[in-house]
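First to last, the protein sequences are chains L and F. Taken in order, the first sequence gives residues 1 to 163; the numbers are from the working numbering. Taken in order, the second sequence gives residues 164 to 326; the numbers are from the working numbering. Just so it is clear, CB atoms sit at the ideal spot from N, CA and C, and this is done for glycine as well. Step one of this worksheet: look at the structure below.
There are 2 protein chains.
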Amino acid sequence: MEDVLRSLGFLCLGSRLKRIGEQLQADTQRVLDRLDVRIQSSQYPLLAALDRLGPLPVGELAQSLGIAQPGVTRAVSLLTELGLVEVTQSNDDQRRRIVSLSRNGQRLVDTAKRDVWPRIEDAVAELCADLSGPLLGQLAAIEDRLAATPLDRRAEKARAVAS
Amino acid sequence: MEDVLRSLGFLCLGSRLKRIGEQLQADTQRVLDRLDVRIQSSQYPLLAALDRLGPLPVGELAQSLGIAQPGVTRAVSLLTELGLVEVTQSNDDQRRRIVSLSRNGQRLVDTAKRDVWPRIEDAVAELCADLSGPLLGQLAAIEDRLAATPLDRRAEKARAVAS
DNA sequence: CAATGTTATATATCAAGTTATGGTTCTTGC
DNA sequence: GCAAGAACCATAACTTGATATATAACATTG
Numbered sequence: 001m002e003d004v005l006r007s008l009g010f011l012c013l014g015s016r017l018k019r020i021g022e023q024l025q026a027d028t029q030r031v032l033d034r035l036d037v038r039i040q041s042s043q044y045p046l047l048a049a050l051d052r053l054g055p056l057p058v059g060e061l062a063q064s065l066g067i068a069q070p071g072v073t074r075a076v077s078l079l080t081e082l083g084l085v086e087v088t089q090s091n092d093d094q095r096r097r098i099v100s101l102s103r104n105g106q107r108l109v110d111t112a113k114r115d116v117w118p119r120i121e122d123a124v125a126e127l128c129a130d131l132s133g134p135l136l137g138q139l140a141a142i143e144d145r146l147a148a149t150p151l152d153r154r155a156e157k158a159r160a161v162a163s
Numbered sequence: 164m165e166d167v168l169r170s171l172g173f174l175c176l177g178s179r180l181k182r183i184g185e186q187l188q189a190d191t192q193r194v195l196d197r198l199d200v201r202i203q204s205s206q207y208p209l210l211a212a213l214d215r216l217g218p219l220p221v222g223e224l225a226q227s228l229g230i231a232q233p234g235v236t237r238a239v240s241l242l243t244e245l246g247l248v249e250v251t252q253s254n255d256d257q258r259r260r261i262v263s264l265s266r267n268g269q270r271l272v273d274t275a276k277r278d279v280w281p282r283i284e285d286a287v288a289e290l291c292a293d294l295s296g297p298l299l300g301q302l303a304a305i306e307d308r309l310a311a312t313p314l315d316r317r318a319e320k321a322r323a324v325a326s
């Protein structure tokens, strides 16, 4: 069965990038599930941003993540309910709500940085290893490699080697 | 403001691909809006698949687009309401519902293939021109170029040159 | 200093993908 | 030839992005 998105090339590059991204996220989610981390893979960038940049107001958080502000507002409410982030009102500007990692959130990030992220990063790096040439060719190679060995299996193998 | 997704590199490649894909689709949508085509850019791959491959049952359509079957079912109902596709029951297998372009749908595709798709394809190709090297670098270049000149403006310029 | 405009966030709604599951219809094996 | 399983599609619920708009706090200006 012909892969139409691939055949259409540049015309549907947006759909194609989204498709590959969704698959990567789903595979990453499976890695996390297996490790008993009960959080969505898509929330990690937000936690990582707070870890890297320190407490931030909602708007700047959105900007640093490259997503729209309402998405951050929603993610923050969710993570607040999970007790991973805290929100405090800014002193000098009552409109701004500063988001920061809670103690639990910081602990989760520290653990993830040590035990989880390197594994995922290695798996993705391996997935993309030795790619070169035009973009469409690289994307096709990534799709082919993912079809042959999903990311979560690559992460498993990496762990087997490491331990 | 640091772009966290970019800094995290391979770790958040999935989120990053989705982000770029969404921006490309949004820009493409703006091109379409300006051309008075009242259809979502994300529906074009489905129409293009039917145009390329002929009438297809729902499952094969999903496979050729690389998305899950419920997504196709929903898109097909939407396009059926718009009068762009038609669904007929298969004769030899009552479970299969064959999706095909309606007369209007075929006309829309023919027009798009002549007037719209080349423009978008050229704009995206130009966006990706001369890219080479590692994947992350190419993605960064695409984001930078998009920030400098959005896709819809590139398509505009292409039209200006062409006409 | 009050009116107006701007900025920061929240809320509502939509879009388009996902997984899980249910109902028909086919197929197969005994 | 029928009972069990498989295949195909629809539906429901969820996720995560988007845009549009409302609200509240701050800034500006006449």
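Asked: Closer than 9 Å, CB to CB, is S253(F) near chain L or not?; Found: no
Asked: Applying a beta-carbon distance threshold of less than 8 Å, which residues of chain F neighbour D25(L)?; Found: A small correction: the amino acid at residue 25(L) is Gln; Asp does not occupy that position in the sequence shown. Going along chain F in sequence order, the residues near Q25(L) (Cβ under 8 Å) are G177, S178, K181.
Asked: Compute the Euclidean distance between the alpha carbons of Q252(F) and I261(F), then round it to the nearest angstrom.; Found: 6 Å
Asked: Spell out the partners DSSP gives P134(L) in its beta bridges.; Found: DSSP lists no partner for P134(L).
Asked: Can you tell which of G229(F), R197(F), V250(F) has the C-alpha that lies nearest to the C-alpha of P220(F)?; Found: V250(F)
Asked: Are at least three pairs of beta-carbons, each pair with one atom in the segment 271–283 of chain F and one in the segment 136–148 of chain L, less than 8 Å apart?; Found: no
Asked: Per DSSP, which one or two residues make a beta bridge with Q252(F)?; Found: R260(F)
Asked: For T312(F), decide whether its Cβ has a neighbour in chain L, counting only Cβ atoms nearer than 9 Å.; Found: no
Asked: Is L173(L) helix, strand or coil by DSSP?; Found: The structure shown has nothing for residue 173(L), since chain L only spans 1 to 163.
Asked: Under 9 Å, Cβ to Cβ, is there at least one residue of chain F near V31(L)?; Found: no
Asked: Less than 9 Å between CB atoms is the rule here; does V235(F) satisfy it with respect to chain L?; Found: no
Asked: At a Cβ threshold of 9 Å, is S42(L) touching chain F?; Found: yes
Asked: Tell me the residue span of the alpha helix (DSSP H) that contains E165(F).; Found: Looking at the DSSP string, E165(F) is not in any alpha helix (DSSP H), and its letter there is neither H nor E.
Asked: Going by the CB atoms, is the gap between G229(F) and R19(L) shorter than 9 Å?; Found: yes
Asked: Could you tell me how far apart the beta carbons of G268(F) and L224(F) are, in whole angstroms, since I believe they sit closer than 8 Å?; Found: That belief does not hold up - the Cβ atoms of G268(F) and L224(F) are roughly 14 Å apart, past 8 Å.
Asked: Determine contact between the segment 3–12 of chain L and the segment 278–293 of chain F, defined as no fewer than three beta-carbon pairs at a distance below 8 Å.; Found: yes
Asked: Can you tell me whether P218(F) is helix, strand or coil according to DSSP?; Found: coil
Asked: Throw me the rounded Cβ distance for the C12(L) and P313(F) pair, which I believe falls under 8 Å.; Found: About 18 Å separates the two Cβ atoms, so there is no contact after all.
Asked: Please confirm if P297(F) has its CB atom under 9 Å from at least one CB of chain L.; Found: yes
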